[in-house]
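If you read the sequence shown in this note's numbering, its first letter stands for residue 2, the second for the next number, and so on.
Structure first, then comments.
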Amino acid sequence: MKQIILALLLLPAFAFAQENESFMFRAKVKHGSILVGGNLSGFAYKTTDNLNSPTGTKEEGRRIQANLQAKNGYFIMNDLAIGLNINLYHESTKITTDPEQEPFRETYLLGGPFVRYYLLNGVFGEAGVSIGKHNFSDGFQSNLLEGSAGVGYAFFFNEKFSIEPMLSFRYFRQTKDDKAYTSFGPMVGVGFQAYLLRKRAHVIKIGL
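Quick look at the structure:
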């Protein structure tokens with residue numbers, strides 16, 4: 002009798018464990034899936050500054066910032082995706098204590114292709130290159146070039162969504178006429194990605 006009662010008590014836990022197991026998917030992604038990710042952020046705030054003022058007088062202003070980053074791709078074959086990276090940034094600053102001063106605006110746009118390949122254990126490699134423009138409201142313009150390569154890990158917490166820490170090396174170059182600014186070094190980040198049509202693409206479940 003005690004054994005029967007114990008079995009009944011353990012049955013829900015066993016069933017729950019089996020249910021969880023059924024939702025643990027291999028990181029391998031099938032042909033036809035769509036990769037969608039990115040973020041949008043914006044800020045609007047008032048500023049008070051006498052630190053950077055040429056005359057040392059206090060300047061009050063208003064600053065607006067907006068940033069859009071998008072990473073979208075398509076799996077042209079099992080585990081291999083190609084796609085497009087887009088990074089758009091805009092900032093506008095207005096000195097409210099000087100009504101005659103025009104707002105200062107800065108905008109840059111970077112875009113380009115990337116390729117990503119997954120291993121069965123969730124590790125992936127990614128490489129991409131982007132080009133773009135950096136514009137200021139005073140007429141200054143420069144050309145941008147960015148390249149990156151790195152490795153990451155896709156942790157699928159359900160069928161279609163993953164959290165992806167990544168370590169990459171980034172090269173950045175900004176040029177204007179015969180002058181240039183360059184930088185190169187490691188970059189650590191965490192991304193959030195959605196994999197549309199992943200179930201339809203016959204993802205293999207653990208235990209099958």
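Think of the CB as a built atom: it goes at the ideal place given N, C-alpha and C, for glycine as much as any other residue.
Owing to the predicted nature of the structure, the values given are computational and were not obtained by experimental measurement.
Of the listed residues the options, nearest to residue i (C-alpha basis)
| i | options | result |
| --- | --- | --- |
| residue 119 | 180, 127 and 112 | 127 |
| residue 110 | 99, 100 and 70 | 70 |
| residue 174 | 139, 130, 151 and 197 | 130 |
| residue 132 | 85, 47 and 112 | 112 |
| residue 150 | 38, 186 and 50 | 186 |
| residue 47 | 178, 65 and 38 | 65 |
| residue 86 | 72, 78 and 80 | 72 |
| residue 135 | 67, 90, 84 and 123 | 90 |
| residue 84 | 114, 68 and 67 | 114 |
7 Å Cβ shell around residue i - same chain, five flanking residues per side excluded
| i | result |
| --- | --- |
| residue 98 | 60 and 61 |
| residue 189 | 168 |
| residue 199 | 30, 34, 160 and 161 |
| residue 146 | 132 and 174 |
| residue 105 | 94 and 138 |
Range covered by the beta strand (DSSP E) that runs through residue i
| i | result |
| --- | --- |
| residue 141 | From DSSP, residue 141 is part of no beta strand (DSSP E); its letter is neither H nor E. |
| residue 70 | 60–78 |
| residue 40 | 35–50 |
| residue 88 | 81–96 |
| residue 32 | Element bounds for residue 32: n/a, residue is neither H nor E. |
| residue 117 | 105–119 |
| residue 180 | 180–197 |
Proximal residues to residue i (C-beta, below 6 Å), its chain only, five neighbours per side dropped
| i | result |
| --- | --- |
| residue 107 | 92 and 137 |
| residue 162 | 195 |
| residue 82 | 36, 74, 76 and 117 |
| residue 191 | 166 |
| residue 96 | 60, 62 and 102 |
| residue 182 | 175 |
| residue 45 | 65 |
Environment of residue i [buried if 16+ CB atoms lie within 10 Å]
| i | result |
| --- | --- |
| residue 88 | buried |
| residue 168 | exposed |
| residue 170 | exposed |
| residue 42 | exposed |
| residue 40 | exposed |
| residue 140 | exposed |
Presumed contact (8 Å Cβ cut-off) between residue i and residue j, rounded CB distance
| i | j | result |
| --- | --- | --- |
| residue 121 | residue 31 | No, residue 121 and residue 31 are not in contact; Cβ-Cβ is about 12 Å, not under 8 Å. |
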